[in-house]
Amino acid sequence: VGCGNGGSDAGGGGGEVLAGLVTKTDTNPFFVKMKEGAQQAAGSTGMKLQSFAGKQDGDNQSQVDAIENLIGAGAKGILLTPGDSKAIVPSVDKARKAGLLVIALDTQLEPANAADATFATDNFQAGLLIGQWAKAKFAKDGKQAKIALLDLNPNQVSVDVQRDTGFLTGFGVEVKDKKRIGSESDPRVVGHDVTNGAPDGGRTAMENLLQKDAGINLVYTINEPAAAGAYEALKAAGKDKDVVIVSVDGGCPGVRNVKAGVIGATSQQYPLKMAKLGVEAISKFAKDGTKPQNTPGKDFVDTGVTLITDQAISGVDSKDSAWGLDNCWG
Amino acid sequence: MTSPDIPVLQARGLIKRYGNVIALAGTDLDLMPGEILAVIGDNGAGKSSLIKALSGALVPDDGTITLDGKRVSFGSPIDARDSGIETVYQSLAVAPSLDIASNLFLGRERRRKGILGSVFRILDRDAMRQEARRQLDGLGIMTIQNPGQAVETLSGGQRQAVAVARAAAFGSRVIIMDEPTAALGVRESRAVLDLILHVRDQGLPVILISHNMPHVFEVADRIHIQRLGRRKAILDRANVSMSDAVAIMTGAMEPQDGDR
Amino acid sequence: MTSPDIPVLQARGLIKRYGNVIALAGTDLDLMPGEILAVIGDNGAGKSSLIKALSGALVPDDGTITLDGKRVSFGSPIDARDSGIETVYQSLAVAPSLDIASNLFLGRERRRKGILGSVFRILDRDAMRQEARRQLDGLGIMTIQNPGQAVETLSGGQRQAVAVARAAAFGSRVIIMDEPTAALGVRESRAVLDLILHVRDQGLPVILISHNMPHVFEVADRIHIQRLGRRKAILDRANVSMSDAVAIMTGAMEPQDGDR
Amino acid sequence: MSTTLSTNRPSGGAPSEGDHPHRSPLTRLQHLLHAQATIGPAVVLLLAVIVFSLLSTRFLQPANISLVLQQVAVVGTIAVGQTIIILTAGIDLSCGAIMVLTSIVMAKVSAEHGLPGVLALLLGFLVGAGCGLVNGLLVTRLKLPPFIVTLGTLNVFFALNLWYSGSATIRGTDMPALLLWTGQTFTIGGTRVTYGSIGMVLLVALVAFVLKNTAWGRHIYATGDDAEAARLSGIRTNRVLLSAYGIAGVIYALSAWVLIGRIASASPQAGQLENLDSITAVVIGGTSLFGGRGAVVGSLLGALIVGVFRNGLALARVDVLWQTLAVGVLVIVAVSLDQWIRKVRP
Amino acid sequence: MSTTLSTNRPSGGAPSEGDHPHRSPLTRLQHLLHAQATIGPAVVLLLAVIVFSLLSTRFLQPANISLVLQQVAVVGTIAVGQTIIILTAGIDLSCGAIMVLTSIVMAKVSAEHGLPGVLALLLGFLVGAGCGLVNGLLVTRLKLPPFIVTLGTLNVFFALNLWYSGSATIRGTDMPALLLWTGQTFTIGGTRVTYGSIGMVLLVALVAFVLKNTAWGRHIYATGDDAEAARLSGIRTNRVLLSAYGIAGVIYALSAWVLIGRIASASPQAGQLENLDSITAVVIGGTSLFGGRGAVVGSLLGALIVGVFRNGLALARVDVLWQTLAVGVLVIVAVSLDQWIRKVRP
Ligand SMILES: Nc1ncnc2c1ncn2[C@@H]1O[C@H](COP(=O)(O)OP(=O)(O)OP(=O)(O)O)[C@@H](O)[C@H]1O
Ligand SMILES: Nc1ncnc2c1ncn2[C@@H]1O[C@H](COP(=O)(O)OP(=O)(O)OP(=O)(O)O)[C@@H](O)[C@H]1O
Ligand SMILES: [Mg+2]
Ligand SMILES: [Mg+2]
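Protein chains in written order, with our numbering: chain A, 123 to 452; chain C, 106 to 365; chain F, 106 to 365; chain S, 529 to 874; chain P, 529 to 874.
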């Protein structure tokens, strides 16, 4: 009862449209940039934006609280990067029933149509691109790959799984179960370890995998901070020249690392764009009730991924790091 | 129930080691019906260890304990309590944050009558308060006005009084007191000594540990001297002087044959 | 240095409240040079509070303290110690996990000579051990073989000895002891009483709190009776009987005019 | 000389802090309000409510109050178990892990193996009790500090949860209705309230009553106060401790039920913050981390204080970053205020 | 009657546990090895090393050992500060937050504001000391339990870190070389070792020496043992506590330096697990959470045990999931073993 019509008396904002942004964490620069982008877009469309975040990856409860608080505060729409894309669905339903537009950013809900729209990177695609690039590079150099995969954490969250399996698929490794990390049995894969998406974890994981097999020459990383840590481990082991690191994100420090040769290739995503599109969609919805349309052939609005590398290989579309720097976020 | 010749409580050859410290080196003890037995000895002579073994607070490595001629072995203080042995420990053993009535009934709470008590196990707090009040009054402890008061708000002497009252209220076979007057003032000590005499007069035997010789010689019927973890002598108060007892206790004098 | 007529330590009108409990209700105290002053009183009479005020462990709400005629105000035990007042507290105040030497020198550690000590502030552990050994030997404490032993491995009596030794070693103006013999056996108590007499004979005045009247009457020169947070009387040991002192202490008798 | 065992205090005795045997209901209420452990947090909560209702007109609306109750239901329920453990002078870092594990068990056995809701719940309670008993056995048999035991089992239970769940979230639509019942609402005076919130409040009342009015409750306090003294007083402290951990485990299973209802799904990633959050609630609620002192009502107030704070700050449109900072400051201020209030009392 | 102050024990006295005034270096070494607090963890470490070297031939290679040293350098350094706090009967949940905050400050002032490395480091140490002193002041002035104080400041420092850094990672290439120096390696007997690892070992040695051989060190132990007794013995316990928190803060700043060297960048997301990890190391290292007992060498061993375990399990190709479980079991087993070893000692 109380929730739905809460929007009509629109708080102290004096008729301003309120939009909410709920991110996975408020520490990851990716989400911080997303927040900045949303704030900017809100400013230019004359909306008020209130942001919330989980306390850590996978923190569903704080996101549930945030959605409820936003419903209560009379928001018109919510931009959400779900920490647990399944578990948040009932709360999203509640919000939508209360008349809010809910847009998933960065990560799809499960099922994807639980949100009114999704503006996201295709994370599988992001993994696929760096996998394809690495495959072509190794074919060109005539090297046999020995692969290490540095994942997020043991929890098998969807982004983690999609990027990991996307990479392997792109590289031509047969993945038996695309919903789980570690289902492949290809001898080229040395092993997986977890990094918590942070440099220290990346370094430790890389060190341990190198101890398992010193011949590792291709490293997939969940994100660029983990890649930076992995690079330090390789450098310390004197292998930084022989090993190729690939990653996902396209943050400015990451792209600079591409330029510096630390990272071979990264799949760049566009949080600012996601946020901007999301805010604009809410603004439009608030004005005339129209909802955004999905990218044809997909169940979400693909905000695109671009492969950034300075070692372009024919057959795999890519941009160089200069372009990447012009388009990087934070 | 008890014959005047069989000891109420008897210990034989109790041994207790802590690492390489031997607290009890094969000690004996005999408590006769209706007597006050004082246990005296140097610091570390094993007095507290001895009575802890008798009250189940400590399981001896070896040795036997008999109660009214029947062998017992106490695995915990509860076993000893269930046999009617009540102890006032040197460390008092009260729960400071609980009230006086709760402390008095700790471990043997009264439950409500009827289904509330038998099925829902609800305490009869009022009954316990009233009973506590009665106990304290009966012992002449008048300064404690409210049995619902937390024990931590009591003075040292009052706490001691609660511990003593608990033992006196529930002891049915033996009461053991480990230095009950150590922290007490002259007047408070006096009251405890009177209480001990009072309990004895009701027929309950009492073991009293004390370093205070005048107290010991005032109330004890017999005196057990503990030395180096063993019973060194057992003396009849009537037949021994304070200075001789102290001399035996400290090893300055050997006990006579009849005393062993 | 001290005139025989001026009290070494004097307190006037000390007041200390805890919530609505009044521990000190305006008490006085006079300690004359070279005397042993016993402080006696019921439990909760404010004896410990009084000596805590004198030793800086407690800051009184009101009242004055003078040392050798000069007014002092102690904010912490360190201030009192720096003025030469050493105290053995009822709770002993030792650090169980530290060794005997460390405890003896706690808060006034010896540092190495030269730059190691002055700049790097490194302790001279050997010197402290030797000094501790000397102190303990000097007091006749022979059973403690190793000053490097942790205090927690000592018996209650030995711990008490360490606390007393610390006070005796460092006290230069006044030594205060709060029930130093409460937990001690006959022999150990004897040793502490001898120590007190020994210290007095060296010219240091001593304040002794005790519930043990025979002890008090054996060593004290004068007896301060504390009652309900006030000094009720001050008696000359030579002129008073034990039973009169106890009667005044418990309020059964009023002190004579000359005693106040 | 008197022959009664009597002692004397200069001021005529300490203030009376307990209850008198015979009192009017009003006096009883008054005493309840002034009970040492809960007056502090109650005042803090009142202050917070006053401040936030001045900052935002929405704050005191029934719908918002119901919302806060829902938001604290999970942590409030866990805090009840945590309070019992802390009262025994323990601490439970594994509470969140037990909750997640049981929620996954309840959800999975019903959603995937088709067990009826009642049996799934029962099984969950058994698992919760089992986990709690593991903690209890390690504490009582190995004599390890609870902090260490639960630091260890926290990892063990969490790993078991990930393994059993295959890290997959189970959706509410696949579960029997009973599991989701705690998230259902009913209406009181026009305001919707979830059964979960009500369940939490009833649980608090029940546990408060049991702690006060059963021997077991008294023994929890006595054991936490001074375990050795309790043992010498004839309390089987090991049994008390074991039962405390076991019952706490059951309460965590209850919180798992509340959690499933609240998010209408079971997520293996949940519960990682509940340990510090529940300890925060207990501590703000005035229960001593040293054991033996405190009350479960205080912990509910503590959870509400944090909930009101988060909600109020959100309504006042304070940024998340500053919310984090504010909650940090709140913990310190609330506990200081509580201590200060206790000092001020006569 | 004897006139000496002498007491008697049936068995002729407790075993001597301290050191004798005059001893040969060999006896000294022997005593060091047998020092109560460190024998347990040393044995556990030895056992772990033996088991893992049987499981994998790589394990005992110098390169791998150097690696483990590098991996534990950050948490090992933090554990030194944590040990000091725990010895005073406190606990520091804010250590990781202080570390991240100082690392960001060091990195940002040099990378963005161009401060020379030395000044940046100094400023970092100041910030670390400041944060520690805030904790210390709250503990000593408000008399709040350290658990609560640091639970609060944990949030505050972390929020400040996010605010100041804008959540942006600062890359090592933008920093002066000095900040990255701890990650540089040099070669001992063909094995590369980082200055950071060596720094941790030296820090442990230094702090162990200071705790043993200065008045301040003795006062830390005495205060943790029994604060009131220490105060009555003439120790300014508030000052001791304050200095302990301040120095711990400086040590956390040192660990920030080690962290920057290790990851060649400064990340505002680091440090969220360091509080429980460092407490785990301290506890496995045999230091009592009740204060007054323990040694900083034990904490280093504790950190190494966890590091060896993680590394060894990874080499033995154990899945991450089971690594989590194994570390949980390790904590309990290691501490039980330690307690058992102490009991067995004569
Ligand atoms: N729990 C324990 N651990 C180790 N040693 C102990 C323990 N309890 C007692 N002891 C040792 O056993 C011996 C006897 O101790 P006990 O307490 O029985 O002596 P006591 O005669 O009661 O002395 P006191 O008169 O000082 O109370 C002492 O040497 C004591 O140090
Ligand atoms: N820290 C405290 N807080 C509250 N009340 C206190 C405190 N210390 C002492 N009191 C109260 O002050 C009064 C005097 O206590 P004090 O310890 O000075 O008595 P005492 O004469 O030393 O008694 P005893 O002979 O039992 O040692 C008592 O009523 C006591 O309960
Ligand atoms: Mg004893
Ligand atoms: Mg006293």
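Positions of the beta carbon are idealized from the N, C-alpha and C atoms, including for glycine. Remember, it's a predicted structure, so these values are computed and weren't measured experimentally.
Compute the beta-carbon to beta-carbon distance between residue i and residue j, rounded to the nearest angstrom, for a pair I have assumed lies under 8 Å.
i, j, result
"L300(C)", "V269(C)", "6 Å"
"A757(S)", "V199(C)", "6 Å"
"P212(A)", "S783(S)", "Not a contact, Cβ separation roughly 18 Å."
"V311(C)", "M282(C)", "7 Å"
"L832(P)", "V600(P)", "6 Å"
Does the distance from the C-beta atom of residue i to that of residue j stay below 7 Å?
i, j, result
"A776(S)", "I812(S)", "no"
"P321(A)", "G351(A)", "yes"
"D341(C)", "R327(C)", "yes"
"A242(A)", "F422(A)", "yes"
"A387(A)", "I252(A)", "yes"
"V116(C)", "A325(C)", "Before going further, note that residue 116(C) is Ala rather than Val in the sequence given. No."
"D166(F)", "I120(F)", "yes"
"R746(S)", "S188(C)", "no"
"S440(A)", "L429(A)", "yes"
"V366(A)", "L340(A)", "yes"
"V351(F)", "A272(F)", "no"
"A772(S)", "E214(C)", "no"
"V297(A)", "T291(A)", "yes"
"L159(F)", "T132(F)", "no"
"A343(C)", "I330(C)", "no"
Thinking C-alpha only, which one of the options is nearest residue i?
i, options, result
"L817(S)", "G652(S), G645(S), V596(S), F675(S)", "F675(S)"
"D753(P)", "R332(F), S196(F), S202(F), S178(F)", "S202(F)"
"V304(F)", "P138(F), E236(F), M233(F), E214(F)", "P138(F)"
"P704(S)", "S638(S), R790(S), L760(S)", "S638(S)"
"I227(F)", "V735(P), L730(P), V662(P), G711(P)", "V735(P)"
"F210(F)", "P796(P), I807(P), G762(P), L731(P)", "G762(P)"
"M728(P)", "L597(P), T668(P), T566(P)", "L597(P)"
"M634(S)", "S622(S), L654(S), S827(S)", "L654(S)"
"R806(P)", "I593(P), C623(P), I567(P)", "Reading off the sequence shown, one finds Ser at residue 806(P), where the question assumed Arg. Nearest option by C-alpha distance: C623(P)."
Hey, which unbroken runs of the alpha helix (DSSP H) at 4 residues or more fall wholly within the region 265 to 309 of chain F? At a cut-off of 4 residues, the continuous stretches assigned as alpha helix (DSSP H) that sit fully inside the region 265 to 309 of chain F are 291 to 306.
If we require 3 or more residues per run, which beta strand (DSSP E) segments fall completely within the region 841 to 871 of chain P? List check, beta strand (DSSP E) in window: nothing returned.
What ranges does the beta strand (DSSP E) occupy inside the region 799 to 849 of chain P, keeping only unbroken runs of at least 3 residues that lie completely in it? If you keep only unbroken beta strand (DSSP E) runs of at least 3 residues inside the region 799 to 849 of chain P, you get nothing at all.
Mind the definition here: the region 150 to 158 of chain C touches the region 321 to 340 of chain C only if three or more C-beta pairs lie below 8 Å; say whether that holds. Yes, the region 150 to 158 of chain C touches the region 321 to 340 of chain C.
Any chance the region 617 to 627 of chain P sits against the region 663 to 675 of chain P, with 3 or more Cβ pairs inside 8 Å? Judged by Cβ distances under 8 Å, the region 617 to 627 of chain P makes contact with the region 663 to 675 of chain P, as three or more pairs qualify.
Three or more C-beta pairs closer than 8 Å, one from the region 784 to 803 of chain S and one from the region 578 to 585 of chain S: is that the case here? The region 784 to 803 of chain S, when compared against the region 578 to 585 of chain S, does not touch it at the 8 Å Cβ threshold.
Please list the segments of the alpha helix (DSSP H) lying wholly inside the region 630 to 697 of chain S, counting only runs of 4 or more residues, in order along the chain. Runs of the alpha helix (DSSP H) inside the region 630 to 697 of chain S: 645 to 669, 674 to 693.
Do the region 804 to 811 of chain S and the region 681 to 698 of chain S make contact, defined as three or more Cβ pairs closer than 8 Å? With a cut-off of 8 Å, the region 681 to 698 of chain S and the region 804 to 811 of chain S do not count as touching, because too few Cβ pairs lie within range.
Mind listing, in chain order, the continuous beta strand (DSSP E) runs of no fewer than 3 residues lying wholly within the region 712 to 798 of chain S? Within the region 712 to 798 of chain S, the complete beta strand (DSSP E) runs of at least 3 residues fall at 713 to 716, 719 to 722.
Looking at C-beta atoms only, is the number of pairs between the region 399 to 409 of chain A and the region 365 to 376 of chain A that lie closer than 8 Å three or more? Cβ pair count under 8 Å is below three, so no.
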